[in-house]
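Novice: Going from the sequence shown to the working numbering is simple: count from 1 and add 269.
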Amino acid sequence: SLHKYYVEEAEIALAESDHQHADIYQLKGRAAAGGAEPQPAVIGTFEWHVPNRSRADIESARARLMTALGDGHKQSHPEQLARAQVYFDCWVEEEHEDIWLRKPGVAVYQPDDIKRCKNGFEEAMRFDQKAMSYIIYFDFDKSNLRPDARVVVQDVIAAAKKGIKWV
């Protein structure tokens, strides 16, 4: 999925004659096709700088993305998470262009491109959580929680805090 979406984003960049960023998407796509897991863009590094007006939103979005990458969503929602990662990279790239390409007197460079990528990221990050089932076993004719049941109860609490429905 990462490969497919990075290639699509590379084609969009090429259509804008943005060969430099198309190459970045192509490299990430090839890495994903080869089994590697390219990391989402990191702002403030040599490659990516973003305007101060969007820095906090992007840092927060990256933190959410990294949490989703580590929370098992790669297994439960691989397509959606791949879209989120590529849209995040697109959002960073478009904001980065704003610093270098915006002309004096223009509020934001390519606001429609920024909106497309940011909205795409936000939409992809809305994971359709299915209700989780939890089973708690008790010893015969007993009502006290067994040690293994306490672990399940902690899982239910953690899921509830994340907003996951449970039955």
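Built from N, CA and C at the ideal position, the CB exists for glycine as well.
What is the rounded straight-line gap between the Cα of Val422 and the Cα of Pro347?
Specialist: Residue 422 sits at position 153 when you count from the first residue of the sequence shown. Residue 347 sits at position 78 when you count from the first residue of the sequence shown. Spanning the two alpha carbons is a distance of roughly 27 Å.
Novice: Whole angstroms is fine: what's the gap from Asp326's alpha carbon to Trp360's?
Specialist: Within the sequence shown, the letter at position 57 stands for residue 326. Within the sequence shown, the letter at position 91 stands for residue 360. Cα-Cα distance, rounded: 11 Å.
Novice: What did DSSP end up calling Met394 once you bin it into helix, strand or coil?
Specialist: As a first step, residue 394 must be located in the sequence shown, where it is residue number 125. Looking at Met394 - three-state DSSP - the assignment turns out to be coil, as it is neither helix nor strand.
Novice: Should the segment 349-366 be called in touch with the segment 401-412, which here means at least 3 C-beta pairs below 8 Å?
Specialist: Counting Cβ pairs under 8 Å, fewer than three are found: no touch.
Novice: How about His290 and Ala282: do their beta carbons lie closer than 8 Å?
Specialist: The residue given as residue 290 occupies position 21 in the sequence shown. The residue given as residue 282 occupies position 13 in the sequence shown. Cβ distance < 8 Å, so His290 and Ala282 count as in contact.
Novice: How close, in whole Å, do the beta carbons of Ala310 and Gln349 come, if the pair is a contact with beta carbons under 8 Å?
Specialist: Taking the sequence shown and counting its residues from 1, one reaches residue 310 at position 41. Taking the sequence shown and counting its residues from 1, one reaches residue 349 at position 80. So it is not a contact: roughly 19 Å between Cβ atoms.
Novice: Measuring alpha carbon to alpha carbon, tell me which of Ile383, Ala337, Ala418 and Leu414 ends up nearest Val319.
Specialist: Looking up residue 319 in the sequence shown gives position 50. For the residues Ile383, Ala337, Ala418 and Leu414, the minimum Cα distance to Val319 belongs to Ile383.
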